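Keeping their order, the protein sequence lines are chains A and B. So the first sequence is numbered by the numbering used here: it starts at 1 and just counts up by one. So the second sequence is numbered by the numbering used here: it starts at 1 and just counts up by one. Right, one structure below, let's go through it.
There are 2 protein chains.
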Amino acid sequence: MANFDLMRRLHTTDNPARIVMLVMDGLGGLPREPGGRTELETARTPNLDSLCARGSSGLSYPVAPGITPGSGPAHLALFGYDPVRFDIGRGVLEALGIDFPMTDRDVAARGNFCSLDPAGNVTDRRAGRIDTETCIRLCAELSRGVRIPGVELFVEPVKEHRFVLVLRGDGLEDTLTETDPLVTGKPPLAIAPEAPSAARSAELMNEFVAQAQRILADHLPANGVLLRGFAKHPSLPGMTELYGLTCAAVAVYPMYRGLARLVGMNKVTFEGETPADEFRAAAAHWDQYDFFFIHVKKTDSYGEDGNFDAKVGVIESVDQALPILLEKQPDVLVVTGDHSTPATMMTHSWHGVPTVIASKWARFDGLTEYGESACLRGGLGHFPAEHLMPMAMAHARRLNKYGA
Amino acid sequence: MANFDLMRRLHTTDNPARIVMLVMDGLGGLPREPGGRTELETARTPNLDSLCARGSSGLSYPVAPGITPGSGPAHLALFGYDPVRFDIGRGVLEALGIDFPMTDRDVAARGNFCSLDPAGNVTDRRAGRIDTETCIRLCAELSRGVRIPGVELFVEPVKEHRFVLVLRGDGLEDTLTETDPLVTGKPPLAIAPEAPSAARSAELMNEFVAQAQRILADHLPANGVLLRGFAKHPSLPGMTELYGLTCAAVAVYPMYRGLARLVGMNKVTFEGETPADEFRAAAAHWDQYDFFFIHVKKTDSYGEDGNFDAKVGVIESVDQALPILLEKQPDVLVVTGDHSTPATMMTHSWHGVPTVIASKWARFDGLTEYGESACLRGGLGHFPAEHLMPMAMAHARRLNKYGA
Chain A
1 MANFDLMRRL
11 HTTDNPARIV
21 MLVMDGLGGL
31 PREPGGRTEL
41 ETARTPNLDS
51 LCARGSSGLS
61 YPVAPGITPG
71 SGPAHLALFG
81 YDPVRFDIGR
91 GVLEALGIDF
101 PMTDRDVAAR
111 GNFCSLDPAG
121 NVTDRRAGRI
131 DTETCIRLCA
141 ELSRGVRIPG
151 VELFVEPVKE
161 HRFVLVLRGD
171 GLEDTLTETD
181 PLVTGKPPLA
191 IAPEAPSAAR
201 SAELMNEFVA
211 QAQRILADHL
221 PANGVLLRGF
231 AKHPSLPGMT
241 ELYGLTCAAV
251 AVYPMYRGLA
261 RLVGMNKVTF
271 EGETPADEFR
281 AAAAHWDQYD
291 FFFIHVKKTD
301 SYGEDGNFDA
311 KVGVIESVDQ
321 ALPILLEKQP
331 DVLVVTGDHS
341 TPATMMTHSW
351 HGVPTVIASK
361 WARFDGLTEY
371 GESACLRGGL
381 GHFPAEHLMP
391 MAMAHARRLN
401 KYGA
Chain B
1 MANFDLMRRL
11 HTTDNPARIV
21 MLVMDGLGGL
31 PREPGGRTEL
41 ETARTPNLDS
51 LCARGSSGLS
61 YPVAPGITPG
71 SGPAHLALFG
81 YDPVRFDIGR
91 GVLEALGIDF
101 PMTDRDVAAR
111 GNFCSLDPAG
121 NVTDRRAGRI
131 DTETCIRLCA
141 ELSRGVRIPG
151 VELFVEPVKE
161 HRFVLVLRGD
171 GLEDTLTETD
181 PLVTGKPPLA
191 IAPEAPSAAR
201 SAELMNEFVA
211 QAQRILADHL
221 PANGVLLRGF
231 AKHPSLPGMT
241 ELYGLTCAAV
251 AVYPMYRGLA
261 RLVGMNKVTF
271 EGETPADEFR
281 AAAAHWDQYD
291 FFFIHVKKTD
301 SYGEDGNFDA
311 KVGVIESVDQ
321 ALPILLEKQP
331 DVLVVTGDHS
341 TPATMMTHSW
351 HGVPTVIASK
361 WARFDGLTEY
371 GESACLRGGL
381 GHFPAEHLMP
391 MAMAHARRLN
401 KYGA
């Protein structure tokens, strides 16, 4: 909160300095054996290393010591929002990721098409990963077919077996249990209210599931639905209000664009999906924005796959493309990750994230390599990720002095 | 707050250990080029270096990451007070700096004499920096001439064009807008209340300005006044209550003595204004106090001037005079700054401040040099300046154990 108050009070727009925050998802890693090198330390990264040589480095902690974050809280922290105070449901992220314009009267859920056997037990939680076209067709059928008195209803396709369900109406609540049994061989669970005031919302959601199941009966493998992550749209102050920055998001994956939209960023549309494509997209919109959030997803994907070498490769491709950004001479270039995803763990982790702030006003800390061991001794120290935006703002000289 | 509660509960006066906090204003710096040395690292400081060799070092952060503090919040943090919770207005600092005894019924403002053209527009916001004697004479005229029913009024000279205005009365508030247009060619702004309850205070202040302008009409270049930093006296617990210390302030500049007075320190009067003069003043009152705050201003002044070499020179003069203090064998000697003022930036900054605690009980951290890069790796780590007093108290063994 102090963060918010100080940023609101102290930011200035007199200075046109531009800030780029380059986030390699799941960047932090672990060595394959004690004393070895992490993915980042293995990668050949001359451009990132030279950022460290003229910047201040450190290790950022997304939520709190020992806490492994999901993508939502990890990104909120990077944007300067307390990730414990602002708890964003998966349903909202999915809805924002497909550009669905949520309102305050909506409850969104993440939906999966699934396969059910004649007894009603789940045989495949992802309906054999049906193709996206089938998903689109089935969503249209559900949108047409399901009717629930008193609420508007939206069934929006995402990708493959995934869709978003939004109920819009008065007094809807999101404190609802999920239907995914998480294993096959069991039926979907009924939705229960977690608070008495959510009873009607639970009824309406169960009614949706019942009608959807009837409509989908003949559409094996997609003859059932699972609903998770019920969530209302949280009310977050926008980054323009907090920081006085006009902000752009450059991201290939919908959820990250959705997260960025939640804090008031505009999305940049572009062709391609490599880091070079993303950097070119930022460069192409350079004069329109003060702040660019650039999200590279594959570091995390390969980390989750346990593919150490492929994660190294993505980091190297970021490094190779970096001159596209450097040519634009951002006043402040922050390189970080939202969390660690060590390939050896095949999942998100709590480990500190190597972070560098390169700027004319960074205090030299003697480091010349971008890696976990180097950042451990950097000038930024070990810090909550929530502090990164105030630091970036300071290095951009976009903050006035506090007090006389 | 945890700070306060623990300090109140745990401090002991059984131990007569003496603490000296030597503050070089704006001490922290930046190198002139990447990889170069800061002001402090350039200075030859054998005595300060040897403090590091027998002490623990670190980098302190005055308010919060990325926040550049003014002198008020920066010093409050050094004295152990939360600088965001206790927001001290410039008017109060100025009043305390001239030893004006403020009461709870007072609102103080920082005043400038200014020059107005016949149309009432400001032509010089500092009235050509009139000499202090003229300031004293004009303040006396205003004190005699301005009459506002229901309030007592004090117009006290500070230095050159600066004065302090204090209105004393019941129900006065300080949530008022300032009159300084900040540029020349515009008239002074009317004072407006920022809350409805401050409406009467705004009226009274505007009445002061109107009467003052009439009295000053013939005194060009000082024919107008500007008022800024309206502030009531904040209610701070004293350092004696918190820490059980009798405290002395040794400072050349009024504002820093004022700050010290705000937390219950006594000022030490002395001749001269060099670091050596200040150290001799502390030594001369050695047996009267448990705690000495010694403030060296010129490091900041030269930093703001962009005079790297002169800042280096002030640091060296502190080092050369240090034996005067060392001879008195303080049990704990803290050397720090209130914030950074890199000469390359010519203004306060957010960068961490090199800090050392020298004491028999400091844990050796292997550092033998007092400088930003060394302190980065010091035993105190990177810490909020607010934690410095509890650390000093601990090293003085003036804190009892917490809990059984």
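Quick reminder that beta carbons are idealized off the backbone N, C-alpha and C, glycines included. Everything numeric in this text was worked out from a predicted model, so none of it was measured.
Ser340, Pro342, Thr344, Met345, Thr347, His348, Ser349, Trp350, His351 and Gly352: these are the residues of the stretch 333-352 of chain B whose beta carbon lies less than 9 angstroms from some beta carbon of chain A, given in chain order. With respect to chain A, the C-beta atom of B:Thr68 has a partner C-beta closer than 7 angstroms.
Every alpha helix (DSSP H) of 4 residues or more that sits fully in the stretch 120-165 of chain A is shown, in chain order, as 132-145. In this structure, B:Ala109 and B:Phe230 form a Cβ contact; the two beta carbons are roughly 5 angstroms apart against a cut-off of 8 angstroms. Comparing C-alpha distances from B:Gly29 to each of B:Arg398, B:Tyr370 and B:Met391 shows the shortest one belongs to B:Tyr370. Using beta-carbon distances, A:Leu116 does not count as an interface residue toward chain B, since no partner is under 7 angstroms. At a C-beta separation below 9 angstroms, B:Leu376 has these neighbours in chain A: Arg363, Asp365, Gly366, Arg377, Gly378, Gly379 and Gly381.
Contact between B:Gly58 and B:Gly272 does not hold, since the beta-carbon distance rounds to 32 angstroms and is not under 8 angstroms. When the five nearest sequence neighbours on each side are left out, the beta carbons in the same chain lying within less than 8 angstroms of the beta carbon of A:Thr12 are those of Gly244, Arg398, Leu399 and Asn400, in order along the chain. Within the DSSP bridge table, the entry for B:Lys267 names B:Ala249 as partners.
A:Tyr370 sits in coil when the DSSP states are folded into three classes, being neither helix nor strand.
Looking only at B:Ala127, B:Ala53, B:Gly91 and B:Met265, the smallest Cα-Cα distance to B:Gly379 is reached by B:Ala53. Within the DSSP bridge table, the entry for B:Pro384 names B:Tyr61 as partners.
The C-beta of B:Val63 comes closer than 7 angstroms to at least one C-beta of chain A. By the 16-neighbour rule on beta-carbons within 10 angstroms, A:Ala385 is buried. The same chain holds no residue with a CB closer than 6 angstroms to that of B:Gly70 once the five nearest residues on each side in sequence are set aside. For A:Phe79, there is no enclosing beta strand (DSSP E), as DSSP marks it with neither H nor E.
A straight line joining the alpha-carbon of B:Gln211 with that of B:Ile148 spans about 9 angstroms. With respect to the 7 angstroms criterion, B:Ala392 and B:Ile19 are classified as neighbours on the basis of their beta carbons. For B:Glu372, the chain A residues whose Cβ falls inside 8 angstroms of its Cβ are Arg363, in order along the chain.
Around the beta-carbon of B:Pro16, fewer than 16 other beta-carbon atoms lie within 10 Å, marking it exposed. Neighbours of B:Pro254 in chain A, taken as residues whose beta carbon is under 8 angstroms from its own, are absent, since the nearest beta carbon is some 14 angstroms off.
The Cβ atoms of B:Arg37 and B:Pro46 lie no closer than 7 angstroms to each other. Ranked by Cα distance from B:Asp106, the first of B:Val164, B:Arg85 and B:Pro118 is B:Val164. Distances from the CA of B:Gln213 to each of B:Leu226, B:Ser201, B:Leu204 and B:Ala202 were compared; the closest alpha carbon is that of B:Leu226. When rounded, the separation of the alpha-carbon atoms in A:Tyr61 and A:Val92 is 24 angstroms.
Against chain A, the beta carbon of B:Leu93 has neighbours under 8 angstroms at Ala404, listed in chain order.
B:Leu216 and B:Leu138 do touch by the CB rule: their CB atoms are close to 7 angstroms apart, below 8 angstroms. Unbroken beta strand (DSSP E) stretches of 3 residues or longer found wholly inside the stretch 76-116 of chain B: 106-116, given in chain order. Using a 10 angstroms sphere on the CB of B:Ser235, the tally of other CB atoms stays under 16, which defines it as exposed. Excluding the 5 residues flanking it on each side, B:Val146 has same chain C-beta neighbours closer than 8 angstroms at Leu153, Val155, Phe208, Gln211, Ala212 and Ile215, in chain order.
Your pair A:Phe270 and A:Ala281 checks out as a contact, with CB atoms roughly 3 angstroms apart and the cut at 8 angstroms. One Cα belongs to B:Ala43, the other to A:Met21, and the distance between them is close to 36 angstroms. For the 7 angstroms CB-CB criterion, B:Val353 and B:Leu27 form a contact. Flagged as an interface residue toward chain B: A:Leu6, by a C-beta distance shorter than 7 angstroms. B:Leu399 carries a strand assignment under DSSP once its states are collapsed to helix, strand and coil.
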